[in-house]
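The structure appears below as structure tokens.
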Amino acid sequence: MHTLEESGMNKLYREMELPLTEVLFDMQKTGFKLDLKLLEELKRKYTALADESTERIYELAGRRFNINSPKQLGIVLFDELKLPYPKKRSERSTSAEILGAIKDAHPVVEEVLRYRFVSKIKSTYLEGLSKVAGTDGVVHTEFNQMQTSTGRLSSSEPNLQNIPVREEDGKALRALFIARDGNVLVNADYSQIELRVMAHLSGDENLIAAYMHGADIHTAVARELFGTSEPTAKQRRVAKTVNFGIIYGMSAYGLGDRLGIPTSEAKSYIDKYFSRFPRVHEYLEEVVKSAREKGYAESLFGRRRVISELNSRDYRTRGFGERAAMNMPLQSTAADIIKIAMLKVYGALKGMRSKLILQVHDELIIDAPADEADAAAELLKREMESAVTLKVPLVASVNTGKSWLDCK
DNA sequence: ATCATCACG
DNA sequence: ACGTACGTGATGATA
33 MHTLEESGMN KLYREMELPL TEVLFDMQKT GFKLDLKLLE ELKRKYTALA DESTERIYEL
93 AGRRFNINSP KQLGIVLFDE LKLPYPKKRS ERSTSAEILG AIKDAHPVVE EVLRYRFVSK
153 IKSTYLEGLS KVAGTDGVVH TEFNQMQTST GRLSSSEPNL QNIPVREEDG KALRALFIAR
213 DGNVLVNADY SQIELRVMAH LSGDENLIAA YMHGADIHTA VARELFGTSE PTAKQRRVAK
273 TVNFGIIYGM SAYGLGDRLG IPTSEAKSYI DKYFSRFPRV HEYLEEVVKS AREKGYAESL
333 FGRRRVISEL NSRDYRTRGF GERAAMNMPL QSTAADIIKI AMLKVYGALK GMRSKLILQV
393 HDELIIDAPA DEADAAAELL KREMESAVTL KVPLVASVNT GKSWLDCK
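Each residue of the first sequence is one higher than the one before, starting from 33 at the first, in the working numbering.
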């Protein structure tokens with residue numbers, strides 16, 4: 033490598049990152065509108081829920097203390113109430129994972145978990161959004177273009193890329209995010225973009241075939257892992273976890289821990305996966321080898337991340353470098369693809385009143401006047417799916433609604 | 001300033 | 001025997 037041009041970075045900058053600054057600036061300036069009336073109502077509701085939960089915890093613990101202090105909470109649970117610590121040889125923690133394992137030991141544990149959930153919603157989301165919303169109810173996030181090691185964007189003040197969705201009660205907050213008067217939200221997200229990138233980069237015939245058949249990928253992988261044409265729901269869940277694990281370079285121990293099964297059984301799933309998708313195995317080994325030799329990993333479009341941990345004498349540091357090297361091309365190529373899609377969508381929206389307002393890594397949201405909604409939905413799906421041509425199709429599912437919650 | 005925790009893809 | 005899934009940002013406690 034002698035010049036930026038030879039490295040490909042200049043092209044990436046000139047054709048993607050520089051033009052994207054205008055798109056991001058426009059998105060920030062437009063902003064996302066909030067339902068301020070609902071925001072006030074939810075703040076009252078969650079303040080009451082947090083207060084009630086606090087009183088119940090004091091009652092069950094037998095005294096008042098700062099529930100927000102992990103140190104004080106640990107003393108109450110493990111020293112005073114003498115609850116069993118569920119893990120061997122690890123620092124004492126009060127994380128949801130630990131509390132979940134001992135929630136049958138004492139009723140206060142479940143109440144603490146509920147308090148944590150309720151106060152997260154209250155402080156981070158309800159009060160947090162209130163602080164940054166304008167009098168018109170619009171929040172203007174900042175999209176950070178120079179923040180991540182993989183080429184993803186990040187979002188701050190407020191972070192609109194981590195609004196709750198996994199828990200039903202948390203997901204209800206998405207009703208706060210609404211289209212402007214007379215408008216609707218048009219939202220589309222990529223289906224398993226990182227696994228599709230894996231199929232492309234590895235060239236694995238079996239994985240490519242699964243996507244070409246348009247089948248549900250987790251079910252398809254479950255068929256391969258378990259040798260059955262009709263996998264059970266449990267087998268599909270295992271396959272789904274394996275699919276995610278592959279993207280993160282996880283170990284047999286990590287998979288076993290997630291699935292609650294012995295490391296040996298987890299190892300047999302991983303071995304089976306690699307025997308059925310051999311090019312995936314070869315690809316991941318090659319990525320690590322190449323990163324060790326060159327000092328960096330790179331995306332399909334030449335974005336690079338220096339990974340200096342690969343030659344560390346400390347095996348933990350080295351292990352981290354290896355997992356980062358396996359993940360980087362997948363996460364990074366996916367980030368490149370949605371950036372290309374954003375540029376295309378932004379271009380296609382010229383002359384319309386519809387506005388791109390949010391990106392959440394594999395999802396884009398447009399605020400569209402009702403009369404433009406169908407056109408916006410059509411072009412959003414089209415430009416996302418045709419952003420680049422891979423060895424497998426890119427699939428984006430599109431939805432519309434008055435609020436983000438309604439986009440389903 | 002750093003840690004622990006927890007929200008997202 | 002070791003420690004164990006990648007990438008982020010916000011909050012409250014503590015030093």
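No residue lacks a Cβ here, since even glycine has one placed at the ideal position from N, Cα and C.
In this structure, how does DSSP classify Y90 when only helix, strand and coil are distinguished? In the structure shown, Y90 sits in a helix (DSSP, three-state: H, G or I).
Hey, would you say A82 sits closer than 7 Å to K154, going by beta carbons? Yes; because the gap between Cβ atoms is below 7 Å, this pair is in contact.
Which of the three DSSP states, helix, strand or coil, is assigned to V493? Coverage of the chain is limited to positions 33 through 440, which leaves residue 493 absent and any answer about it impossible.
Segments of 3+ residues assigned as beta strand (DSSP E) that fall wholly inside the stretch 202-264: Entirely contained in the stretch 202-264, the beta strand (DSSP E) runs reaching 3 residues are, in chain order, 215-222.
Could you pull out every unbroken alpha helix (DSSP H) segment of at least 4 residues lying fully inside the stretch 47-75, listed in chain order? 50-62
Which of the three DSSP states, helix, strand or coil, is assigned to N359? helix
Do A298 and L287 have their beta-carbon atoms positioned less than 7 Å apart in this structure? yes
Cβ shell of N98 (< 7 Å), same chain only, five flanking positions each side left out: Q104
What three-state label does DSSP hand N431 in the structure shown? strand
Using only the heavy atoms of the ligand ZN, determine whether one of them is closer than 6 Å to the beta carbon of V338. Absence of the ligand ZN from the depicted structure is noted, as is the absence of any ligand whatsoever, leaving it without description.
With respect to the alpha helix (DSSP H) encompassing S162, which residues constitute its N-terminal and C-terminal limits? For S162, the enclosing alpha helix (DSSP H) has its first and last residue at G160 to V164.
Rounded to the nearest angstrom, what separates T53 and G63 at their Cα positions? 15 Å
Short Cβ contact (7 Å threshold) for D67 with I210: yes
What does the alpha-carbon distance come out to for the pair K434 and L217? 6 Å
Does the Cβ of V197 have 16 or more other Cβ atoms within 10 Å, making it buried, or fewer, making it exposed? exposed
Would you give the residue range spanned by the alpha helix (DSSP H) that V320 belongs to? P310 to K326
DSSP state of V171 mapped onto helix, strand, coil: V171 falls in the strand class under three-state DSSP.
Name the residue from M48, K203, E129 and R184 whose alpha carbon lies nearest to the alpha carbon of E226. R184
Sequence-distant residues of its chain with Cβ nearer than 7 Å to V319 (five each side left out): A329, A357, M358 and P361.
Might you give, ordered along the chain, the residues of its own chain that have their beta carbon closer than 6 Å to the beta carbon of A428, omitting 5 neighbours on each side? A220, Y222, K413, M416 and E417
Identify whether K387 lies in helix, strand or coil by the three-state DSSP scheme. strand
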